[in-house]
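Heads up: the structure comes next, in structure tokens.
Protein chains: 2
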Amino acid sequence: MAAWGERLAGVRGVLLDISGVLYDGGEGGGAPIAGSVEALARLKRSQLKVRFCTNESQKSRGDLVGMLRRLGFDISEGEVTAPAPATCLILKERGLRPHLLIHDGVRSEFDQIDTSNPNCVVIADAGEGFSYQNMNKAFQVLMELENPVLLSLGKGRYYKETSGLMLDVGPYMKALEYACGIEAEVVGKPSPEFFKSALREMGLEAHQAIMIGDDIMGDVSGAQRCGMRALQVRTGKFRSGDTSGQQGPGPGKDSRRPPGPRRGSQPSCVCCDVQPSAVR
Amino acid sequence: MAAWGERLAGVRGVLLDISGVLYDGGEGGGAPIAGSVEALARLKRSQLKVRFCTNESQKSRGDLVGMLRRLGFDISEGEVTAPAPATCLILKERGLRPHLLIHDGVRSEFDQIDTSNPNCVVIADAGEGFSYQNMNKAFQVLMELENPVLLSLGKGRYYKETSGLMLDVGPYMKALEYACGIEAEVVGKPSPEFFKSALREMGLEAHQAIMIGDDIMGDVSGAQRCGMRALQVRTGKFRSGDTSGQQGPGPGKDSRRPPGPRRGSQPSCVCCDVQPSAVR
Chain A
1 MAAWGERLAG VRGVLLDISG VLYDGGEGGG APIAGSVEAL ARLKRSQLKV
51 RFCTNESQKS RGDLVGMLRR LGFDISEGEV TAPAPATCLI LKERGLRPHL
101 LIHDGVRSEF DQIDTSNPNC VVIADAGEGF SYQNMNKAFQ VLMELENPVL
151 LSLGKGRYYK ETSGLMLDVG PYMKALEYAC GIEAEVVGKP SPEFFKSALR
201 EMGLEAHQAI MIGDDIMGDV SGAQRCGMRA LQVRTGKFRS GDTSGQQGPG
251 PGKDSRRPPG PRRGSQPSCV CCDVQPSAVR
Chain B
1 MAAWGERLAG VRGVLLDISG VLYDGGEGGG APIAGSVEAL ARLKRSQLKV
51 RFCTNESQKS RGDLVGMLRR LGFDISEGEV TAPAPATCLI LKERGLRPHL
101 LIHDGVRSEF DQIDTSNPNC VVIADAGEGF SYQNMNKAFQ VLMELENPVL
151 LSLGKGRYYK ETSGLMLDVG PYMKALEYAC GIEAEVVGKP SPEFFKSALR
201 EMGLEAHQAI MIGDDIMGDV SGAQRCGMRA LQVRTGKFRS GDTSGQQGPG
251 PGKDSRRPPG PRRGSQPSCV CCDVQPSAVR
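The following block contains the structure:
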């Protein structure tokens, strides 16, 4: 196994996931993960470019950044690549008028979007908004369309809050896909377009950047498929069965990852179990 | 195309789906589909054995039969094959203690089942019970199990009520499958075991029976895979794009069936567009 200096050769920038890497959400705004405030401060003092690449879709970028700043993180709105603004660009480019199945906390991002007479559905991490009534309405809108379009802000399976694991948008995206016999378009990680837009904003090529996240699919595999390097931290949703070779997920494809005890907050390389002290 | 008499040669029994074939559910108990009360009465007067084979999982068999009798149908509880009683048998046989994500209307079917310290999840058409909180609880139970078992009472995509199309249990089953990286065990149509138990109760072999339903997958393909003949009615969830060759559904496999105008209440063979007057 190559030394860390060698494995990180040529890296000029770091993309950081937020939930499960910097903090765990939850009641009262959540809590920073031990050491993450200091790790980010150290990264910012280094020569490396830093950008935040998140699938957060319950909060607007402004609210997310405000909350993180209150927790002590050195972060500004312009440093964040998030799926809601990316979705608005797509809607405008394609003349799509969405029926929105989203959390009230992110609704302000869609203030400039025409939602009259919907010709598509946009689904995000709606949390408690994923009621049967709201899901059924989205389903009915899709079934009435000649060419149903479903945009999903990420396809994460779950995330970790301080109170435990929580269903993310992915399962609900799958539910609508199955109900309507369609395939959603994912805006956010692991979409290559999403990683590329983050790289563009950093002014870097894929081989010059490393993604750090807690999701073996959305963060690690997604970034690697774009030609980036990637590190999985052992915080957030990390489970001991995660392996870097794992693809997916999809019913019938994704092997069950055995539940295991959550490790501490020490990040390490998912490939080799080495603590990435070169980064942190 | 063979004549109807020839195509139905040797048929000694009829299995009837209920929702979308006999009636459409909805506010106030729903409404009979035009002609169905009379068609059932005629079948009962014939030499054919009649059994009802339903995936209804919001109501107990007793409540379902009571409601149908009030609508004018000649039906008794002992004539109905339904997934909740079949699930209870499986739970007892395998020593499974379920966490139940089900509608209150069917809860009485599980009165004799031990639900302490759950080692599996049972999901049925919970309707409004499919809240985010309830889905998340089922997800968390599964994620805590070493060998997670998910039993689903059917896997229908949707059904038709008088107010419109409604999400069935299938999409929520898919959501939990995706979230947990597991595959559910389906109890109900199109499970071969379920059709076989209905045939056993009729004392018939598969080649002696015909299934009549509105679901091209759950009813028609499912029965055909068991060696039975099958007819699709053009009521209930029938949509003009349904074809008998269609398999599925599953994300990425099930081609989008184009929405089309709902036809009238005339049942016909899905293969050849002939009105099955020999049956009705």
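Order-wise, the sequence lines are chains A and B. Just so we're aligned, residue 1 is where the first sequence starts under full-length UniProt numbering, counting upward by one. Just so we're aligned, residue 1 is where the second sequence starts under full-length UniProt numbering, counting upward by one. For every residue, glycine included, the Cβ atom is placed at its ideal position computed from N, Cα and C. Keep in mind it's a predicted model, so treat the numbers as computed, not measured.
Per-residue contacts from E128(B) into chain A (C-beta, under 8 angstroms): S131, Y132 and Q133
Residues, ordered as in the chain, of the stretch 135–161 of chain B that lie near chain A by beta-carbon distance below 8 angstroms: M135, N136, F139, Q140, M143, E144, L145, E146, P148, R157 and Y158
The beta strand (DSSP E) enclosing I210(B), as first and last residue numbers: A209 to G213
Within chain B, the residues that residue 283(A) reaches when beta carbons sit closer than 7 angstroms: Because residue 283(A) is not part of the residues shown, which for chain A are 1 to 280, the question remains open.
Cross-chain neighbours of M166(B) in chain A, by beta carbon under 8 angstroms: N136
As assigned by DSSP and simplified to three states, the class of S108(A): helix
Complete runs of the beta strand (DSSP E) confined to the stretch 113–151 of chain B [at least 3 residues]: Within the stretch 113–151 of chain B, the complete beta strand (DSSP E) runs of at least 3 residues are 120–123.
N-terminal and C-terminal residue of the alpha helix (DSSP H) that M67(A) is part of: R61 to R70
Neighbour-count burial assignment, L89(A), 16 or more Cβ in a 10 Å radius: Label assigned to L89(A): exposed.
Extent of the continuous alpha helix (DSSP H) run through R45(B): S36 to R45
Spatial distance of V65(B) from A2(B) (CA atoms): Their backbone Cα atoms lie some 36 angstroms apart in a straight line.
Residue(s) in a DSSP beta bridge with R51(A): The partner list for R51(A) (beta bridge, DSSP) reads L15(A).
Assigned exposure category for G127(A) - 16 Cβ within 10 Å defines buried: When all chains shown are included, G127(A) counts as buried.
Cutoff 9 angstroms: Y178(B) Cβ touching any chain A Cβ: yes
Touch test, the stretch 79–97 of chain A against the stretch 30–40 of chain A, Cβ-Cβ under 8 angstroms, three pairs minimum: no
Chain B within 9 angstroms of G35(A), Cβ atoms only: no
Among K196(A), L48(A), L151(A) and A138(A), nearest to A179(A) - alpha-carbon criterion: A138(A)
Min CB distance G181(B) to chain A below 9 angstroms: yes
Boundaries of the alpha helix (DSSP H) in which P83(A) is found, first to last residue: P83 to R94
Under the three-state DSSP convention, the category V220(B) falls into: helix
Chain-order list of residues whose beta-carbon lies under 6 angstroms from that of S60(B) (same chain, five-residue window excluded): V106, S108 and E109
Per-residue DSSP class, three states only, for E201(A): helix
Which listed residue (L91(A), K92(A) and I18(A)) has its alpha carbon closest to that of L68(A): I18(A)
Cβ pair T115(B), L101(B) closer than 9 angstroms: Result no, Cβ atoms of T115(B) and L101(B) do not sit closer than 9 angstroms.
DSSP bridge partner residues for G164(A) (one or two, in chain order): E161(A)
Pair within 9 angstroms by beta-carbon distance, I212(A) and V14(A): yes
Three or more C-beta pairs below 8 angstroms linking the stretch 171–186 of chain A and the stretch 198–217 of chain A: Pairwise C-beta distances place the stretch 171–186 of chain A out of contact with the stretch 198–217 of chain A, as fewer than three of them are shorter than 8 angstroms.
A175(A) beta carbon less than 9 angstroms from that of K189(B): no
In DSSP terms, what D24(A) is bridged to: A31(A)
Inter-residue CB distance, R51(B) and A198(B) (contact presumed, cutoff 8 angstroms): 6 angstroms
Own chain partners of E177(A) with C-beta closer than 8 angstroms, once the 5 adjacent residues on each side are dropped: L150, E183 and A184, listed in sequence order.
Own chain, CB closer than 6 angstroms to L167(A), minus 5 neighbours either side, in chain order: Y158
Cβ-based neighbour list, M202(B), same chain, cut-off 8 angstroms, excluding 5 preceding and 5 following: Residues G13, L15, K49, R51 and A209 of the same chain have their beta carbon placed closer than 8 angstroms to that of M202(B), with the five preceding and five following residues left out of the count.
Beta-carbon proximity of R225(A) to H207(A), cut-off 9 angstroms: no
Rounded straight-line distance, which links the Cα of G62(A) to that of A124(A): 17 angstroms
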